[in-house]
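Novice: Listed in order, the protein sequences are those of chains A and B. Read in order, the letters of the first sequence are residues 112 to 240 in my numbering. Read in order, the letters of the second sequence are residues 112 to 240 in my numbering. We treat Cβ as the ideally placed atom computed from N, Cα and C, and that holds for glycine. Take a look at this one; I'll ask things after.
Protein chains: 2
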Amino acid sequence: MAGSIGDKYYDVFLKYRLWLCNQSDEGILGDGRFELLREIERTGSLKSAADNLNISYRKAWGNIKQAEELLGFTLVIKQRGGKDGGSSQLSTEGVQLLAAYDELREDFDQSIKKITKKFFNKINKNGNK
Amino acid sequence: MAGSIGDKYYDVFLKYRLWLCNQSDEGILGDGRFELLREIERTGSLKSAADNLNISYRKAWGNIKQAEELLGFTLVIKQRGGKDGGSSQLSTEGVQLLAAYDELREDFDQSIKKITKKFFNKINKNGNK
DNA sequence: TTTCGTTATGTTCAAAAAAACATATTGCAA
DNA sequence: TTGCAATATGTTTTTTTGAACATAACGAAA
C-alpha cells in the first residue's frame, strides 16, 4: 500500500520484476516461468502445470524449451507415451535453480520493504498533500 | 556479471525493473519516464528532451500525459507559443517525485548487490558446473 | 500581421508478442 | 493392435505496442 487515505500517492504502488537473461539480453526465466517450474515439480506434468496456471500447453512448453536452449542444459525431464501419456519432472539443475530463485525472491522482497516505506514517506510527507 | 569463466551460469545475468502503478495495475512511471522527466528538467523543453532521448515527441508527450492523468496532478508545466515556440518545466511535484525516485533507485541498486552475489554463489557453487 | 518553434492530438502503419488452432508422436495397458 | 493422454511442433490469428504521419493551436517578437 502506498500510504494513508488522503495521501497524495494513496493509489500508487511500487512494483518490481526480476528475471534472468543472457548477455544478449534475451529473457531466460522470470517469475512466470519459475512458477511454471514449481507447478511441474508439484504435479509431475507439464500439461497439468499449464492447466493449473491457466496458460496454454503450447506456451508453457515453448517457454521451458527456450529457457533450456538459452541455458544450455535441461530443466525439465520429459517422458512421453505410456499409460498416462507421459510425465515431466524437474532435473537436478531445475530443482536447484528454482530453490535458489525462491530464496532470491524472498531476500529481494524483504530488502525492498524498508526502501519502499522510505520512498512513500518522503513523497507523501506533510505539505505535499 | 554472473560468475567466473566456466561457471554453469557464466552467461546469465540478473535484471530488474522498477515502476509505479495504481491499484488497477496501470503503469504510471518507470525508468524511461523518469529519465524523460530528468531531461525535461535539464533542457526546459519536452521536444528537446524527446530528441535527446531518441524518442518521438508524440510518444514523450503521451507518456507524460498518461502519467499525469493517472496521478491526478501535473508533473510538467507546459507553455506554448512565444518567441521560442514554447517551453516545459517540472512542477514542484515533478521535481520532488523525481528526486525521491532517484534516491529510491540508488537504495535499490545498493541493496540488490549482495543479494545477487549470494544468488550466483549458490547456483554456481562447486559440484554444480 | 506574419513567422517560427513548440506544445497538442487524432490517425494510420508496422512490428512484436501472445493466443488459438491443428496435428503428429510416443509407449504402456487393455 | 488399438486406445489414450501427454509430449512435441508448425502455422495462423489476434492482440498489443510502438513508430510514423499529419495537422492544429499558440503567442512573443520581428
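Using a beta-carbon distance cut-off of less than 7 angstroms, what residues from the segment 189-209 of chain B approach chain A?
Specialist: If the cut-off is 7 angstroms between Cβ atoms, the segment 189-209 of chain B has Q207 and L208 near chain A.
Novice: Using 8 angstroms for Cβ pairs, my map puts I139/B next to L201/B. What's the rounded Cβ distance?
Specialist: Along the second sequence, read from residue 1 onward, the residue named residue 139/B stands at position 28. Along the second sequence, read from residue 1 onward, the residue named residue 201/B stands at position 90. Contact doesn't hold; Cβ gap of about 16 angstroms is too wide.
Novice: Based on Cα-Cα distance, which residue from I226/A, D122/A, A160/A and G205/A lies nearest to S198/A?
Specialist: Counting from one through the first sequence, the residue named residue 198/A turns up at place 87. Looking at the Cα atoms, A160/A is the closest of the given residues.
Novice: Going straight from the alpha carbon of N133/B to that of D195/A, what length do you get?
Specialist: Taking the first residue of the second sequence as 1, we reach residue 133/B at position 22. Taking the first residue of the first sequence as 1, we reach residue 195/A at position 84. Using only the alpha carbons, I get a separation of about 45 angstroms.
Novice: Measure the alpha-carbon distance for K224/A versus D220/B and round it to whole angstroms.
Specialist: Position 113 of the first sequence, counted from the first residue, corresponds to residue 224/A. Position 109 of the second sequence, counted from the first residue, corresponds to residue 220/B. Whole-angstrom Cα-Cα distance: 14 angstroms.
Novice: Helix, strand or coil: how does DSSP classify S199/B here?
Specialist: Along the second sequence, read from residue 1 onward, the residue named residue 199/B stands at position 88. DSSP places S199/B in strand when its eight states are reduced to three.
Novice: Using the Cβ count rule (16 or more neighbours within 10 Å means buried), how would you classify T203/A?
Specialist: Counting from 1 along the first sequence, the entry for residue 203/A is found at position 92. Looking at its Cβ environment, which holds fewer than 16 other Cβ atoms inside 10 Å, T203/A is exposed.
Novice: Quick check: the Cα distance between K233/A and Y168/B, rounded to an integer number of angstroms?
Specialist: Looking up residue 233/A in the first sequence gives position 122. Looking up residue 168/B in the second sequence gives position 57. Taking the straight line from one Cα to the other gives about 31 angstroms.
Novice: Relative to the alpha-carbon of Y121/A, which residue among G183/B, Q177/B, E217/B and G117/B has its alpha-carbon at the smallest distance?
Specialist: Residue mapping note: residue 121/A aligns to position 10 of the first sequence, counting from 1. When only C-alpha atoms are compared, the closest one is G183/B.
Novice: In the DSSP assignment, find the unbroken beta strand (DSSP E) run with L129/B in it and report its ends.
Specialist: Position 18 of the second sequence, counted from the start, is the residue given in the question as residue 129/B. Per DSSP, L129/B belongs to the beta strand (DSSP E) from F124 to C132.
Novice: Please name the residues in the segment 161-181 of chain B whose beta-carbon is closer than 9 angstroms to at least one beta-carbon of chain A, in chain order.
Specialist: Listed by position along the chain: L181.
Novice: Per DSSP, which one or two residues make a beta bridge with Q221/A?
Specialist: Your numbering for residue 221/A matches position 110 in the first sequence. According to DSSP, Q221/A bridges with nothing at all.
Novice: Give every residue of the same chain whose Cβ lies closer than 8 angstroms to the Cβ of A178/A, excluding the five residues on either side of it in the sequence, and list them in chain order.
Specialist: The residue given as residue 178/A occupies position 67 in the first sequence. Answer for A178/A: I139, L140, R144 and L186, listed in chain order.
Novice: Mind reading off the beta-carbon distance from L148/A to W172/A? Whole number of angstroms is fine, and I expect it under 8 angstroms.
Specialist: As a working note, residue 148/A is residue 37 in the first sequence. As a working note, residue 172/A is residue 61 in the first sequence. Incorrect: roughly 13 angstroms between the Cβ atoms, too far for contact.
Novice: How many Å lie between N163/B and Q207/A at the Cα?
Specialist: Stepping through the second sequence from its first residue, residue 163/B is reached at position 52. Stepping through the first sequence from its first residue, residue 207/A is reached at position 96. If I take the Cα positions, the gap works out to 44 angstroms.
Novice: If I measure Cβ to Cβ from Q190/A and keep anything under 8 angstroms in the same chain, skipping five residues before and after, which residues do I get?
Specialist: The sequence position of residue 190/A within the first sequence is 79, counting from 1. So the list reads G197, S198 and S199, once near-sequence residues are dropped.
Novice: Could you list which residues in chain A have their beta carbon closer than 7 angstroms to that of S222/B, in chain order?
Specialist: On the second sequence, position 111 is the one that residue 222/B refers to. Here the neighbours are S222 and I226.
Novice: Give a yes or no on whether the minimum CB-CB distance between L125/B and chain A is below 8 angstroms.
Specialist: By one-based count along the second sequence, residue 125/B stands at place 14. So, interface residue.
Novice: Select from the segment 127-138 of chain A all residues with a C-beta closer than 7 angstroms to any C-beta belonging to chain B, and list them in chain order.
Specialist: Against chain B - using a Cβ distance shorter than 7 angstroms - the residues of the segment 127-138 of chain A are Y127, R128, L129, W130, L131, C132, N133 and Q134.
Novice: For I175/B, which option in D142/B, E214/B and F231/B has the closest C-alpha, if you only look at C-alpha atoms?
Specialist: Against the second sequence, residue 175/B aligns to sequence position 64. Among D142/B, E214/B and F231/B, the Cα nearest to that of I175/B belongs to D142/B.
Novice: Based on Cα-Cα distance, which residue from I116/B, R216/B, R128/B and D136/B lies nearest to L181/B?
Specialist: What you label residue 181/B is simply residue 70 of the second sequence in a count that begins at 1. With distances taken between Cα atoms, L181/B lies closest to D136/B.
Novice: By the criterion of Cβ-Cβ separation under 8 angstroms, what are the contact partners of K158/A in chain B?
Specialist: For the purposes of this step, residue 158/A is identified with residue 47 of the first sequence, where counting begins at 1. Going along chain B, no residue has its Cβ under 8 angstroms from K158/A, so there is no contact; the nearest lies around 28 angstroms.
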